[in-house]
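Numbering (the numbering used here), first residue to last: 1129 to 1420.
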């Protein structure tokens, strides 16, 4: 703020204060959950703001991690998120690259057909009957394939591909490269940022998904983590034993601390991925938004 007028300095200070308040409002709920999960269960019955742990205990985390449903839900969610994001990113890239070429016959039809899926869907009952007819009930395929590709992600990647100079591909084609060679050896290496962005979008969606489990999964050991957490959080302390928490922990925890620990266990893994993709994510999001 060197050289700024008095009015500009006041404006900057007010902006900083407003953003600090907004930041605190956004951070505190998560901080509250962390501090509550680390608090002594016997001291949390009276509630409070939990700016720091009341006492200190890891019994809630021990109880949650001893829950067989939590562990199986974590396994199912990690596998469906990993494979779903990989499959989704790959097919999103191939679809976007194909319709980015004006020489493709029927490109307008395919683009309109993809756009149409953003406005209308096949419907819940027809989709369920299709999944059942394919024999995917109680399988990973039902959790992964139906949601692998999204029209919005395709158009984000499409705008990026259209920004790549056509001369680059023409020179490669003169050297004898075909479309597959150009796509895998030239286009994809140039698309690291937008690929990381789409991968993160899809991964977060899969991680938070629980409706697919509600629709297609009947076996509890195939539940995704979010549904396990919803079942645990929405119930009272009686659910602690029903959810599979070991008897040895039931006298050391209460429903509040178990709920807080469950939320952290469900949030931390996907949050841990973000720092590794943050650089590409910021760059890819900007590229996809300004190129067209």
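Glycine is no exception: its CB is placed at the ideal position from the N, C-alpha and C atoms. All values reported here derive from a predicted model rather than from experimental measurement.
Neighbourhood of residue i by C-beta distance below 7 angstroms, restricted to the same chain and skipping five residues each side
i: residue 1232; result: 1226
i: residue 1443; result: Coverage of the chain is limited to positions 1129 through 1420, which leaves residue 1443 absent and any answer about it impossible.
i: residue 1348; result: 1197
i: residue 1171; result: 1182, 1183
i: residue 1215; result: 1272, 1276
i: residue 1300; result: 1310, 1314
i: residue 1162; result: 1392
i: residue 1219; result: 1276, 1277
i: residue 1180; result: 1163
i: residue 1280; result: 1246
Residue i, enclosing alpha helix (DSSP H) - first and last residue
i: residue 1280; result: 1279-1289
i: residue 1340; result: 1339-1344
i: residue 1313; result: Taken as a continuous stretch (DSSP letters only), residue 1313 belongs to no alpha helix (DSSP H), as it is neither H nor E.
i: residue 1320; result: 1320-1336
i: residue 1423; result: Lying outside 1129 to 1420, the shown extent of the chain, residue 1423 is not represented and no answer is given.
i: residue 1157; result: 1134-1166
Cβ neighbours of residue i in the same chain (closer than 8 angstroms, five flanking residues each side left out)
i: residue 1205; result: 1334, 1335, 1352, 1353, 1354
i: residue 1342; result: 1355
i: residue 1397; result: 1202, 1206, 1335
i: residue 1264; result: 1270, 1273, 1344
i: residue 1262; result: 1269
DSSP-derived helix/strand/coil call for residue i
i: residue 1267; result: coil
i: residue 1424; result: As shown, the chain starts at 1129 and ends at 1420. That puts residue 1424 outside it, with no answer to give.
i: residue 1347; result: coil
i: residue 1304; result: coil
i: residue 1292; result: coil
i: residue 1364; result: Residue confidence for residue 1364 is low, a pLDDT of 46 falling below 50, so the modelled location carries little weight; the figure read from the coordinates is stated next. Looking at residue 1364 - three-state DSSP - the assignment turns out to be coil, as it is neither helix nor strand.
i: residue 1172; result: coil
i: residue 1262; result: coil
i: residue 1400; result: helix
i: residue 1354; result: helix
i: residue 1480; result: No answer is possible for residue 1480: it lies beyond the span of the chain, which begins at 1129 and ends at 1420.
Cβ-based neighbour list, residue i, same chain, cut-off 6 angstroms, excluding 5 preceding and 5 following
i: residue 1272; result: 1208, 1211, 1212
i: residue 1223; result: 1282
i: residue 1357; result: 1390, 1394
i: residue 1229; result: none
i: residue 1302; result: none
i: residue 1235; result: 1227
i: residue 1105; result: The structure shown does not extend to residue 1105, since the chain is modelled only from 1129 through 1420, so no value can be given for it.
i: residue 1340; result: 1271
i: residue 1297; result: 1310
i: residue 1306; result: none
Residue i Cβ short of 8 angstroms to the ligand GTP heavy atom set
i: residue 1158; result: The ligand GTP is not part of the structure shown, which contains no ligands of any sort.
- Does the region 1194-1214 touch the region 1328-1337, meaning 3 or more C-beta pairs lie closer than 8 angstroms? yes
- Report yes or no: do three or more beta-carbon pairs, one from the region 1279-1299 and one from the region 1314-1331, lie closer than 8 angstroms? yes
- Message: If we require 4 or more residues per run, which alpha helix (DSSP H) segments fall completely within the region 1184-1253?
- Response: Unbroken alpha helix (DSSP H) stretches of 4 residues or longer found wholly inside the region 1184-1253: 1187-1193, 1196-1227, 1235-1247, given in chain order.
- Query: Counting Cβ pairs, one atom from each stretch, are 3 or more of them under 8 angstroms apart for the region 1249-1263 and the region 1314-1321?
  - Reply: no
- Does the region 1381-1397 touch the region 1154-1170, meaning 3 or more C-beta pairs lie closer than 8 angstroms? yes
- Per the contact definition of three or more C-beta pairs closer than 8 angstroms, is the region 1386-1395 in contact with the region 1184-1201? Result yes; three or more Cβ-Cβ pairs closer than 8 angstroms.
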